[in-house]
Amino acid sequence: MKNISRKGAKAQRKAAKKNLELCVFFAPLRLCGRTFALTAVVLICVGIASPQSKPTRAHTSMTPEAKALLEQAIAVVCTQAKLDPISSIAIDEMQSRPSLPVQSPEARAGAERAQRLLPIAKELVINSLQQLATDYGFQKSAKFNLRLRQAIERVNSVKRVRPDMDSRDNASVYLSRPHVITFGTIFLAGLRSDEGMISVLAHELMHIADGDNDNLRALVAAVGNKVSDLTGLDIHGQRGEEVTCDLIGAMAVRAYIVSTPDYESIRRRLARSIQHNCVELDEGDEDHLSPRNTIRALLALNPGLVRELINDRF
Ligand SMILES: [Zn+2]
């Protein structure tokens, strides 16, 4: 499963289309892409113009000061990855690990954590999605609001996490079983905190919210355009969706931390929402930014999070 080639990904896409299954993956990694790419959406629905109104696009790049703060915040996140005893394992390290049996204590603990947090993650995703729609000016669009309600129904219909050894460091949802998130055991074991797990559950739930017809594509495109302008990186199409899913993940974790204060530092807990991207081997692909550029994109979109990571307070 390591280093899947583009050819491999294409083969999977065809298989998915043939089986009429939608596989949605959320792991914030490039691996997400290889599974998520199965999204029949990409193959079937490309080219369908969005009937939704689009907010005016503002071309705004970051100031040198903002860029410096962003790099400082990345250093905080990746330092916490080394200091925090329950930090999320970096995705390149997860990829290098041997498969883990479903009954292993680490996989069982991860599966129990994921199942326990699923209802909370659903609620957080719905709130974050509504917030994001408002932030990007979609709240007055009747068409978008209808799609948002349908998206929320899809999120609410997810009931179960199924651990799967063969999925390794991936997670996926199939149209034939839209109520179940299949979660690789390496991934389950690698997300060792509630914050890390909520981040990935939220990423997956956002793919489900978008659904098999890219119903939230106007919002996803708006996020992609904004982050492309801010960073100068090319974040459109599937890359835009992946970043939007990660953004919802970070928003969900922040809201979770606000609602569950404890003795741990805010900085440490916030870092868990994105630190699986603190890789040594920093590679992207056509559907995904590299992991470290993913952190960069998320923080560019979220200057409040940059400040909170640096200042260690809300
Ligand atoms: Zn994804």
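Taking my numbering, the leading residue of the sequence shown gets 2, the next gets one more, and so forth. Note that the Cβ used here is the ideal one computed from N, Cα and C, for glycine as well.
In chain order, what residues of the same chain have a beta carbon less than 7 Å from the beta carbon of residue i, not counting five sequence neighbours either side?
{"i": "Leu-118", "result": "Asp-195, Met-198, Ile-199, Leu-202"}
{"i": "Arg-314", "result": "Ile-267"}
{"i": "Leu-217", "result": "Arg-148, Ala-152, Ala-210, Asp-211"}
{"i": "Gly-241", "result": "Val-221, Ala-222, Val-224, Gly-225"}
{"i": "Leu-234", "result": "Leu-290, Asn-294, Ala-298"}
{"i": "Glu-1", "result": "Outside the displayed range of the chain (2 to 315) lies residue 1, so it cannot be described from this structure."}
{"i": "Leu-192", "result": "Ser-89, Gly-111, Met-198, Val-201"}
What does a CB cutoff of less than 6 Å around residue i pick up in its chain, not counting 5 residues either side in sequence?
{"i": "Ser-129", "result": "Ile-249, Met-252, Ala-253"}
{"i": "Ala-256", "result": "Leu-125"}
{"i": "Pro-304", "result": "none"}
{"i": "Leu-310", "result": "Ala-74, Val-77, Arg-268, Leu-271"}
{"i": "Gln-239", "result": "Asp-288"}
Which residue wins for smallest C-alpha separation from residue i, given the options the options?
{"i": "Ala-190", "options": "Arg-240, Ala-115, Gly-238", "result": "Ala-115"}
{"i": "Ala-172", "options": "Ala-82, Lys-68, Gln-276, Ile-92", "result": "Ile-92"}
{"i": "Pro-102", "options": "Glu-284, Leu-147, Phe-184, Gln-151", "result": "Phe-184"}
{"i": "Glu-284", "options": "Thr-80, Leu-84, Ile-87, Glu-94", "result": "Glu-94"}
{"i": "Arg-150", "options": "Ser-168, Gln-131, Met-166, Asp-167", "result": "Gln-131"}
{"i": "Arg-109", "options": "Ser-89, Phe-188, Arg-98, Val-221", "result": "Phe-188"}
{"i": "Phe-139", "options": "Ala-219, Glu-287, Val-259, Leu-271", "result": "Ala-219"}
{"i": "Ser-177", "options": "Asp-213, Leu-70, Asp-165, Glu-205", "result": "Asp-213"}
{"i": "Ser-100", "options": "Asp-167, Arg-269, His-289, Tyr-264", "result": "Asp-167"}
{"i": "Ser-97", "options": "Asn-312, Arg-308, Glu-281", "result": "Glu-281"}
{"i": "Ser-62", "options": "Arg-163, Lys-227, Glu-265, Arg-193", "result": "Lys-227"}
{"i": "Leu-317", "options": "Val-181, Val-156, His-208, Asp-247", "result": "Absent from the structure is residue 317, since the part of the chain shown begins at 2 and ends at 315."}
{"i": "Val-181", "options": "Gln-276, Pro-164, Arg-169", "result": "Pro-164"}
{"i": "Lys-83", "options": "Asp-288, Val-307, His-277, Asp-286", "result": "His-277"}
{"i": "Cys-279", "options": "Thr-135, Lys-68, Ser-89, Leu-310", "result": "Ser-89"}
{"i": "Ala-122", "options": "Gln-239, Glu-205, Thr-186", "result": "Glu-205"}
{"i": "Arg-378", "options": "Pro-120, Leu-71, Asp-263, Asn-312", "result": "The structure shown does not extend to residue 378, since the chain is modelled only from 2 to 315, so the question has no answer here."}
{"i": "Arg-169", "options": "Thr-186, Val-156, Val-159", "result": "Thr-186"}
{"i": "Lys-68", "options": "Pro-262, Thr-245, Thr-232, Tyr-264", "result": "Thr-232"}
{"i": "Val-156", "options": "Ile-127, Tyr-137, Asp-136", "result": "Ile-127"}
Please look up how many angstroms separate the CB atoms of residue i and residue j, rounded, as I've assumed it's under 8 Å.
{"i": "Val-78", "j": "Ile-296", "result": "6 Å"}
{"i": "Ala-272", "j": "Gln-81", "result": "4 Å"}
{"i": "Glu-243", "j": "Asp-288", "result": "7 Å"}
{"i": "Gly-71", "j": "Val-307", "result": "One point to set straight first is that residue 71 is Leu, not Gly, in the sequence displayed. That pair is a contact at about 6 Å."}
Beta-carbon within less than 8 Å of residue i's beta-carbon, same chain only, minus the 5 sequence neighbours each way: which residues are those?
{"i": "Lys-141", "result": "none"}
{"i": "Ile-75", "result": "Arg-293, Ile-296, Arg-297, Leu-300"}
{"i": "Val-159", "result": "Leu-119, Lys-123, Val-174, Pro-179, His-180, Val-181, Ile-182, Leu-206, Ile-209"}
Just to confirm the assignment: which complete beta strand (DSSP E) runs, minimum length 3, are found wholly within the region 271 to 309? Taking only runs of at least 3 residues, no beta strand (DSSP E) segment lies wholly in the region 271 to 309.
Note down, one range per segment and in chain order, each alpha helix (DSSP H) of at least 4 residues found wholly within the region 204 to 257. Along the region 204 to 257, the alpha helix (DSSP H) occurs as fully enclosed runs of 4 or more residues at 218 to 232, listed in sequence order.
Going along the chain, which unbroken runs of the alpha helix (DSSP H) with 4 or more residues stay wholly within the region 145 to 215? Runs found: 186 to 191, 195 to 211.
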